[in-house]
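Comments concern the structure below.
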Amino acid sequence: MRNQDISPPSSTPEEDRRNLMAPGNRFLGRVVGCNGAQATIAATAEHGETSLTSLWSVGRLISITVDQNRVVALVYAMRTASGLWTESENNGFIIDVELMGEVRRGADGVETFSTGITQYPYLGAVAHRIRVADLKRIYESKEGGSCVIGKLSQDDEIDATINIPAMLSKHFAVVGSTGVGKSTAVSLLLHKAIESDPKLRVLILDPHNEFAAAFPDHAVVVDTDTLDLPFWLMRLEEFTEVLYRGRPAVPEEVDILRELIPEAKRAFKGGDASLIRRSDRASFTADTPVPYRLADLLAGIDERIGKLEGREEKPHLRTVKIRILSAVNDPRYRFMFSSNTISDTIMETVAHIFRVPGHGRPISTFQLAGIPSEIVNSVASVLCRMAFELAMWSNGAIHMLVVCEEAHRYVPSDPSLGFFPTRQAIARIAKEGRKYGVSLGIITQRPGELDQTILSQCSTVFAMRLANDRDQDIIRSALPDGSISATSFISSIGNGEAIAFGEAISVPMRMRFSRVEQRYLPKASGTTVRQSDEKPDNIDLRDVISRMRASAEPDLGNFNQNYTQMSPAPSSPAPIEPYRPDMLPSVEPDAPAAATSSGFRPASAYAGLRNPDAPGLFATASSPVAPPRREHGMSLRESILRKPLKDGKD
Numbered sequence: 003m004r005n006q007d008i009s010p011p012s013s014t015p016e017e018d019r020r021n022l023m024a025p026g027n028r029f030l031g032r033v034v035g036c037n038g039a040q041a042t043i044a045a046t047a048e049h050g051e052t053s054l055t056s057l058w059s060v061g062r063l064i065s066i067t068v069d070q071n072r073v074v075a076l077v078y079a080m081r082t083a084s085g086l087w088t089e090s091e092n093n094g095f096i097i098d099v100e101l102m103g104e105v106r107r108g109a110d111g112v113e114t115f116s117t118g119i120t121q122y123p124y125l126g127a128v129a130h131r132i133r134v135a136d137l138k139r140i141y142e143s144k145e146g147g148s149c150v151i152g153k154l155s156q157d158d159e160i161d162a163t164i165n166i167p168a169m170l171s172k173h174f175a176v177v178g179s180t181g182v183g184k185s186t187a188v189s190l191l192l193h194k195a196i197e198s199d200p201k202l203r204v205l206i207l208d209p210h211n212e213f214a215a216a217f218p219d220h221a222v223v224v225d226t227d228t229l230d231l232p233f234w235l236m237r238l239e240e241f242t243e244v245l246y247r248g249r250p251a252v253p254e255e256v257d258i259l260r261e262l263i264p265e266a267k268r269a270f271k272g273g274d275a276s277l278i279r280r281s282d283r284a285s286f287t288a289d290t291p292v293p294y295r296l297a298d299l300l301a302g303i304d305e306r307i308g309k310l311e312g313r314e315e316k317p318h319l320r321t322v323k324i325r326i327l328s329a330v331n332d333p334r335y336r337f338m339f340s341s342n343t344i345s346d347t348i349m350e351t352v353a354h355i356f357r358v359p360g361h362g363r364p365i366s367t368f369q370l371a372g373i374p375s376e377i378v379n380s381v382a383s384v385l386c387r388m389a390f391e392l393a394m395w396s397n398g399a400i401h402m403l404v405v406c407e408e409a410h411r412y413v414p415s416d417p418s419l420g421f422f423p424t425r426q427a428i429a430r431i432a433k434e435g436r437k438y439g440v441s442l443g444i445i446t447q448r449p450g451e452l453d454q455t456i457l458s459q460c461s462t463v464f465a466m467r468l469a470n471d472r473d474q475d476i477i478r479s480a481l482p483d484g485s486i487s488a489t490s491f492i493s494s495i496g497n498g499e500a501i502a503f504g505e506a507i508s509v510p511m512r513m514r515f516s517r518v519e520q521r522y523l524p525k526a527s528g529t530t531v532r533q534s535d536e537k538p539d540n541i542d543l544r545d546v547i548s549r550m551r552a553s554a555e556p557d558l559g560n561f562n563q564n565y566t567q568m569s570p571a572p573s574s575p576a577p578i579e580p581y582r583p584d585m586l587p588s589v590e591p592d593a594p595a596a597a598t599s600s601g602f603r604p605a606s607a608y609a610g611l612r613n614p615d616a617p618g619l620f621a622t623a624s625s626p627v628a629p630p631r632r633e634h635g636m637s638l639r640e641s642i643l644r645k646p647l648k649d650g651k652d
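Heads up: the sequence shown begins at 3 in this note's numbering, then just goes up one per residue.
Below, the structure is given as structure tokens:
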């Protein structure tokens with residue numbers, strides 16, 4: 003609401019003064035109580051007059067004159083002295099205010115605002131409407147990088163400014179119930195951020211596919227159709243999250259992957275262990291972002307299944323193999339297991355997702371709606387981890403901002419929920435990102451369900467309307483001690499309004515975000531709803547069901563080719579052959595040329611499996627092997643187990 007009875011500020015402070023003893027409602031009130039943090043003011047509305055009673059409305063700032071200074075206070079409660087209202091008689095007011103700071107005059111006559119108070123109000127001190135010049139002093143930003151994001155709710159002629167570098171250096175959060183304008187506010191803030199910092203690269207984790215429309219000129223859209231996120235970029239925990247589809251992993255099966263994935267990476271790099279340096283051999287782990295072929299991984303599993311020892315782990319080996327094949331053949335996972343993800347494409351992946359170089363589009367909207375819900379956490383973990391590492395190893399050349407929409411999904415308050423690597427990656431940005439130029443933007447409608455450690459790291463908060471009592475308590479606990487009452491009315495502020503506080507704002511302020519142009523408004527799925535003449539009665543349901551099933555098969559050319567060579571499926575079931583000695587693998591030391599020092603063989607070693615003339619993995623010995631004799635009263639198997647082999651000669 004504008005201050006209608008105050009003239010614009012002039013060059014001399016005296017012109018902004020008013021006669022404190024003017025008759026009627028111009029003499030607004032006097033202090034009748036003060037405890038250092040709050041004060042109580044008594045005022046009178048004469049003859050039932052209400053023309054100036056709005057001065058005491060909740061959420062407005064007022065001034066209390068103390069000698070040459072003026073203490074700034076925020077109204078957070080009000081009532082009449084009698085509890086009643088009379089139309090023809092005087093009505094006494096009792097107003098509770100919270101002390102916010104002080105406008106003090108220096109020795110040179112210049113007035114400045116400070117959040118500290120040198121002189122507290124005394125009993126009888128005059129309280130009155132705050133001056134427009136004082137409001138400007140309170141909310142003006144003297145640091146570089148400040149920008150206007152809206153207007154003060156108290157006076158729509160005064161700009162609401164924030165300091166962008168301060169907001170990004172220590173993270174920020176936008177909280178509010180659904181439908182209050184969070185996405186529009188985030189769109190405005192991000193537009194201001196990329197204008198302020200040319201080094202900034204923004205990654206938006208967009209679960210509703212709505213931010214693509216908000217940045218038509220500054221963003222690229224990354225979805226499952228344009229994404230190649232190689233499976234080998236994932237750490238072991240993230241990869242098992244994909245295989246188990248959000249269910250708890252089996253420790254024995256995870257141990258198998260931990261042993262065999264490094265071998266598959268070595269096979270991809272060189273094939274022959276003698277060509278790999280000892281240092282490289284030791285550096286490969288299941289978490290190393292080095293490419294490998296799933297065909298090699300499956301070949302290692304098949305090799306261990308075929309060994310005579312280790313019967314206990316064979317069920318786990320078969321289960322791991324089934325899980326891998328199930329994920330590879332799932333068309334929803336084609337962005338991870340396509341033919342493009344087999345080669346070393348980490349440069350292209352980083353350049354596309356994190357906009358390095360940006361080519362005029364520094365924002366990447368990563369649309370998560372098309373990704374299966376059971377692996378969204380795993381994908382978010384990879385992206386957040388890579389964003390931190392990219393900024394860290396660029397030595398400050400890249401400033402990363404990771405914006406998490408619906409952040410309570412990734413870092414819930416209950417430690418037993420969610421995906422631990424995702425929580426760990428986001429927490430690392432929140433705790434250490436400031437040192438390396440990585441910022442975090444948290445957007446949520448349920449701050450009560452968000453990990454409070456993450457929220458406490460957000461030094462700038464824009465609190466929009468919140469209806470839930472627990473959510474309101476969380477925001478109040480995040481406010482500085484001197485401005486807790488600023489959220490007493492957070493449940494009733496309008497759409498597009500917010501209470502902003504933190505490092506980027508000198509004093510907590512109630513403000514209204516600027517209107518965003520229609521073409522920059524976030525929209526569901528990044529587009530407007532298409533108009534169609536079809537109705538539920540005449541729509542082609544087969545087409546809808548086909549899209550629901552995602553019938554498009556993934557491109558698995560390289561994988562199928564390699565794995566088919568490894569173990570081609572026979573056209574018809576082969577007859578069971580009687581036992582023969584040549585069914586055992588050769589024990590000659592120079593037979594398996596493709597085997598590594600650890601006994602692991604890449605998929606190429608299986609190419610000659612069905613060819614008896616090829617020196618493959620199961621090449622027979624050149625010299626005949628005498629068949630074992632069957633002991634009287636024993637089966638052939640018991641005879642073999644009872645009589646150990648002697649250097650392969652008996």
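Cβ atoms here follow ideal geometry from the backbone N, Cα and C, with glycine treated the same way. If you're wondering where the values come from, they're calculated on a predicted model, not measured in any experiment.
Between the Cα of residue i and those of the options, spot the shortest distance and give me the residue it belongs to.
{"i": "S65", "options": "M338, A41, A79, E51", "result": "A41"}
{"i": "F503", "options": "I477, R363, P524, F241", "result": "I477"}
{"i": "S380", "options": "R411, H354, K271, G398", "result": "R411"}
{"i": "G31", "options": "A109, V105, L125", "result": "L125"}
{"i": "D416", "options": "E407, E451, T114, L192", "result": "E451"}
{"i": "A44", "options": "P209, A127, S516, R521", "result": "A127"}
{"i": "K201", "options": "L523, Q459, S441", "result": "S441"}
{"i": "T351", "options": "P250, D225, R313", "result": "D225"}
{"i": "G183", "options": "E499, P510, E505", "result": "E499"}
{"i": "R247", "options": "T46, S375, M402", "result": "S375"}
{"i": "K525", "options": "T290, P209, L191", "result": "P209"}
{"i": "R517", "options": "V509, I501, N497, E505", "result": "N497"}
{"i": "S148", "options": "L523, E197, E104, C36", "result": "E197"}
{"i": "V292", "options": "A168, T455, A269, F174", "result": "A269"}
Span of the beta strand (DSSP E) holding residue i?
{"i": "I64", "result": "63-68"}
{"i": "Q40", "result": "40-47"}
{"i": "V74", "result": "71-82"}
{"i": "E100", "result": "93-107"}
How far does the alpha helix (DSSP H) with residue i in it reach, from first residue to last?
{"i": "K172", "result": "Premise fails: K172 is in no alpha helix (DSSP H) and is neither H nor E."}
{"i": "S189", "result": "184-198"}
{"i": "F270", "result": "253-271"}
{"i": "M511", "result": "Not the alpha helix (DSSP H): M511 falls in the beta strand (DSSP E), residues 511-515."}
{"i": "Q426", "result": "422-438"}
{"i": "V384", "result": "378-395"}
Roughly how many angstroms lie between the CA atoms of residue i and residue j, to the nearest whole one?
{"i": "Y608", "j": "A297", "result": "With a pLDDT of only 46 at Y608, under 50, the local geometry of the prediction cannot be trusted, and the value read off the model is given with reservation. Straight-line Cα distance between these residues: approximately 10 Å."}
{"i": "D136", "j": "R107", "result": "12 Å"}
{"i": "I495", "j": "I160", "result": "19 Å"}
{"i": "H354", "j": "A382", "result": "16 Å"}
{"i": "V150", "j": "S171", "result": "18 Å"}
{"i": "E311", "j": "E305", "result": "11 Å"}
{"i": "I445", "j": "A75", "result": "30 Å"}
{"i": "D157", "j": "A409", "result": "33 Å"}
{"i": "F286", "j": "L262", "result": "11 Å"}
{"i": "T114", "j": "C386", "result": "42 Å"}
{"i": "A427", "j": "V358", "result": "21 Å"}
{"i": "R72", "j": "L231", "result": "59 Å"}
{"i": "V330", "j": "L543", "result": "28 Å"}
{"i": "A621", "j": "Y294", "result": "Annotation note: pLDDT 40 at A621 (below 50); position unreliable, coordinate value reported separately. Their Cα atoms are separated by approximately 26 Å."}
{"i": "E89", "j": "V34", "result": "25 Å"}
{"i": "R133", "j": "R430", "result": "45 Å"}
{"i": "G152", "j": "D332", "result": "48 Å"}
{"i": "M23", "j": "F464", "result": "Low per-residue confidence applies at M23: pLDDT is 40, beneath 50, and the placement is therefore not dependable, though the value from the model is reported in the following sentence. Each residue's alpha carbon lies about 40 Å from the other."}
Where does residue i land, buried or exposed, given buried means 16+ other C-beta within 10 angstroms?
{"i": "G85", "result": "exposed"}
{"i": "G439", "result": "buried"}
{"i": "G38", "result": "exposed"}
{"i": "F422", "result": "exposed"}
{"i": "H49", "result": "exposed"}
{"i": "R521", "result": "exposed"}
{"i": "G302", "result": "buried"}
{"i": "Q121", "result": "exposed"}
Inset, instruction - Take every Cβ of the region 375-391, pair it with every Cβ of the region 427-441, and state whether three or more of those distances are shorter than 8 Å. - result: yes
Legend entry - Segment contact, 8 Å Cβ cut-off, at least three pairs: the region 356-369 with the region 250-262: no
Inset, instruction - Pair every Cβ in the region 332-342 with every Cβ in the region 167-182, then say whether three or more of these pairs are closer than 8 Å. - result: no
Legend entry - the region 315-323 touching the region 203-220, judged by at least three CB pairs closer than 8 Å: no
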